[in-house]
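**Q** Please find one structure pasted underneath; my questions will follow.
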Amino acid sequence: MKAATVVSLTMAVLSGYCAGLGVLPPGPVIGTLGGNVIFKTTVIPTTFDTIVWTFGDPPVFIVDFLISNGPVAGQEYVGRISLDNSTGSLELRKLTLNDNGTYRVKLRKGSVIEEGSTSLNVYDPISNVTLRANVIDLVELNDTAIFTCSVSSGSSPLSYHWLNGSSEVTARDGIQLGDGGRTLTIANVTQYDQGPYRCIVSNPVSSEPSQNLTLTISYGPENTRMKVTPLDVLYGSGSNLTLSCSAESRPPAQFQWLLNGTLLSNMGPELRLENIHANQSGSYSCWAHNTRTLRYQTSEPSDITVLEPISGAIITTTPNPPIIEGNSVNLTCDASGSIITREWMKDGQLLSAGGNMIISEDKRVLSINPVKRTDSGEYLCRVSNPISTADATHDLIVNYGPDGMEIKGPTEIEVGQKLTLTCSADSNPPASYTWMLNGTEIPGHSPEFTKENSEYFDSGDYTCTATNDVTRNKTYVVHKLSVKAVGSLSQGLSAGAIAGIVIVVLMVVGVAVGVAVYFTKKKGLFKKESSSGNGVGNSTSSANGGGPGGNQDLNYADITQFQKRDGGSVQLGNLGTSSTEYAQVRVNNRPGQPAKPPTYQAHQSQYSQVKKLALKTAPDAASTIYSDVRRN
562 MKAATVVSLT MAVLSGYCAG LGVLPPGPVI GTLGGNVIFK TTVIPTTFDT IVWTFGDPPV
622 FIVDFLISNG PVAGQEYVGR ISLDNSTGSL ELRKLTLNDN GTYRVKLRKG SVIEEGSTSL
682 NVYDPISNVT LRANVIDLVE LNDTAIFTCS VSSGSSPLSY HWLNGSSEVT ARDGIQLGDG
742 GRTLTIANVT QYDQGPYRCI VSNPVSSEPS QNLTLTISYG PENTRMKVTP LDVLYGSGSN
802 LTLSCSAESR PPAQFQWLLN GTLLSNMGPE LRLENIHANQ SGSYSCWAHN TRTLRYQTSE
862 PSDITVLEPI SGAIITTTPN PPIIEGNSVN LTCDASGSII TREWMKDGQL LSAGGNMIIS
922 EDKRVLSINP VKRTDSGEYL CRVSNPISTA DATHDLIVNY GPDGMEIKGP TEIEVGQKLT
982 LTCSADSNPP ASYTWMLNGT EIPGHSPEFT KENSEYFDSG DYTCTATNDV TRNKTYVVHK
1042 LSVKAVGSLS QGLSAGAIAG IVIVVLMVVG VAVGVAVYFT KKKGLFKKES SSGNGVGNST
1102 SSANGGGPGG NQDLNYADIT QFQKRDGGSV QLGNLGTSST EYAQVRVNNR PGQPAKPPTY
1162 QAHQSQYSQV KKLALKTAPD AASTIYSDVR RN
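Pasting the structure below:
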């Protein structure tokens, strides 16, 4: 009764002195179930005469303060409130949901009254947030995931926040939020939707996350790759290789291997190729299969080329030898092993197609059409790959001829002279020869016909026939020969011989003339002596060998022209222009001692000396030889 009375009196007093509103900040004030709130006024601390707090409408007394009596709490708020007498602020404890509503306060100091009102919202905190999914084992692009978030307690309004790992999940294509955000739907999940997922539920006084939920999403295989170790372009026979296959897949993919698109029996992520051979060359790839998604994927292929060492290189010819000029021939190059390149050479020089030579596209066959004699030689075929090389050689013999035939030898010969005729022809193999004289075969097969002593009946047509036993060709040539009498074919003596003869003749003439002159003068001298006694005539030779009186005759005989027996003349050849040679004969008309005729030996000696002079090397072509006769 006392509290009610005080409140009634206080309200009566305050009702007549209201001076303003708004001493409380705008609401609502938020409170947690079971928690505390403070309604703070905005006034400056002072001493109030009266403070009154009420709740709801009609108002329910919370607390009344009179400066004379102190604070008095309403029956329902005893032990739950505290009042600040200097500001009028109120603390309300142990909140219940029934505390939701409007709160008012009035403050009086003297005749001034201030008041304010606000609201209180009490919320139950959120607890036990649970996250569930309709299914957690899904197949990528096939299945849809639906998440549901729930709480066991918590006052509305509730808000829901979704996370995938640390990333926020919002509504977009393929993702929907429903039931006020309480459900999350992901259609056609991908491997990136696996989570972990959680939801966070909030109200104005609390926020609580759920446990994490992770989906198992089967996907793949994808990004299937194959690796070859060691990696190379080419491999030699006997090498060891390891092929490894990988793929992104859940669950892990199963692997199988393919060669040239055909499945092998080998399974597993590795394929070991040991001591490989050329027949294992090909395009390798791996095939990845996911037993959950029922999908598969094949890797990009890798070409593995295994080379066998080259051996047994050989060149064969078509047709078989002998090869005849003018025909065609094919040279074929083959070998065992892995042939990558071929090249042809002849006598050490690289061959290329052109002219009468054609090389096949793979360079296996060299065709020569038509084959010529100049195509003979050593042919080499070089077969190679990056790990080995082999050479094959073939001596190509082109058979040709006979042609270009001729006979060398004289067309005229004197009887008794040696006869030699030589027959020749271009031929491979060398030709065999037969001779005929005037249609009659001469025994033998030599290219040379020889007869030591020719006879008149050796005159006629000599026919030489050359035969090539391989080409089956033959040809002949005719040579005319005339055998003549001895001396009929003389072409005159040499210039030296002629000069010697002339000199000897002139010497003989000179001696004869000298002897005649001698005896003539001797006869005259005897006459003088008979008439004059023993006087002796004296004379002195001049430097030039002249006789008394100094009168001398100098005559020259030009021997560059020599008259033949048949009336013709011989022009001496090989005469030079740089020198003149003389043969000088002196005749001394002076009386001398009685002379005896020269003996045979002296004459022979003198002749020999002249002959030696005549047999000296012939003078130059333009030399002129003279015989000089001086007479004293």
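My numbering numbers the first residue of the sequence shown as 562 and each following residue consecutively. Ideal Cβ placement from N, Cα and C applies to all residues, glycine included.
Is V1070 helix, strand or coil when you go by DSSP?
**A** helix
**Q** Using CA coordinates, which residue listed in C984, S993, D987 and S1020 is at the minimum distance from T1001?
**A** S1020
**Q** Using three-state DSSP, classify S1130 as helix, strand or coil.
**A** Model confidence at S1130 stands at a pLDDT of 48, short of 50, so the residue's coordinates are unreliable; what they give is reported in the following sentence. The answer is strand: DSSP assigns S1130 an E or B state.
**Q** What's the gap between the Cα of T877 and the Cα of S988?
**A** C-alpha separation (whole angstroms): 25 Å.
**Q** Compute the distance between the beta-carbons of S949 and P870, then report whether it is under 8 Å.
**A** yes
**Q** Helix, strand or coil: how does DSSP classify R934 here?
**A** helix
**Q** Q841 by DSSP, collapsed to three states: which one?
**A** Helix.
**Q** Beta carbon of W996, beta carbon of Y940: below 8 Å?
**A** no
**Q** Between which two residues does the beta strand (DSSP E) containing D1022 stretch?
**A** G1021 to T1028
**Q** Kindly confirm or deny that the segment 652-671 and the segment 610-625 touch, where touching means at least three C-beta pairs closer than 8 Å.
**A** yes
**Q** Please report how far the alpha carbon of D704 lies from the alpha carbon of G735, in whole angstroms.
**A** 12 Å
**Q** So, is F1018 buried or exposed, given that buried needs 16 or more other C-beta atoms within 10 angstroms?
**A** Result: exposed.
**Q** Closer than 8 Å is the cut-off here; do at least three beta carbon pairs connect the segment 695-709 with the segment 600-609?
**A** no
**Q** In whole angstroms, what separates the C-alpha of K1035 from that of S1043?
**A** Looking at the two C-alpha atoms, the distance is approximately 27 Å.
**Q** Between I837, N836, W818 and G631, which has its C-alpha nearest E861's C-alpha?
**A** W818
**Q** Return the chain-ordered ranges of every beta strand (DSSP E) run that is complete within the segment 891-938 and spans a minimum of 3 residues.
**A** 902-907, 918-920 and 926-929
**Q** Taking Cβ positions, are L594 and V683 nearer each other than 8 Å?
**A** Going by C-beta atoms, L594 is nearer than 8 Å to V683.
**Q** Return yes when the C-beta of W848 is under 7 Å from any heavy atom of the ligand FAD, and no when it is not.
**A** The ligand FAD is absent from the structure shown, which contains no ligand whatsoever.
**Q** Alpha carbon to alpha carbon, what distance is there between R811 and G781?
**A** Each residue's alpha carbon lies about 6 Å from the other.
**Q** From the DSSP output, in three-state form, read off T827 for me.
**A** For the sequence presented, residue 827 should be read as Asn rather than Thr. Strand at N827.
**Q** Alpha carbon to alpha carbon, how far is G635 from D740?
**A** 44 Å
**Q** If we count the other Cβ atoms within 10 Å of its Cβ and call it buried at 16 or more, is T1032 buried or exposed?
**A** buried
**Q** Kindly identify the DSSP beta-bridge partner or partners of Y780.
**A** R811
**Q** Going by alpha carbons, who is nearest to P718 out of L957, I885 and I687?
**A** Nearest C-alpha to P718: I687.
**Q** Okay, do the segment 780-798 and the segment 833-840 touch, 3+ Cβ pairs below 8 Å being the bar?
**A** The segment 780-798, when compared against the segment 833-840, does touch it at the 8 Å Cβ threshold.
**Q** If you pair each beta-carbon of the segment 980-994 with each one of the segment 954-971, do three or more pairs fall below 8 Å?
**A** The segment 980-994 vs the segment 954-971: in contact.
**Q** Using 8 Å as the cut-off, can you tell me whether the segment 893-910 makes contact with the segment 753-773, which would need three or more C-beta pairs spanning the two stretches below that distance?
**A** no
**Q** According to DSSP, is K724 helix, strand or coil?
**A** One point to set straight first is that residue 724 is Leu, not Lys, in the sequence displayed. In the structure shown, L724 sits in a strand (DSSP, three-state: E or B).
**Q** Could you check the C-alpha separation between G898 and S844 for me, to the nearest Å?
**A** Roughly 20 Å separates the two Cα atoms.
**Q** My guess is that I900 and V944 are in contact by the Cβ rule of under 8 Å, so how many angstroms apart are they, rounded?
**A** 5 Å
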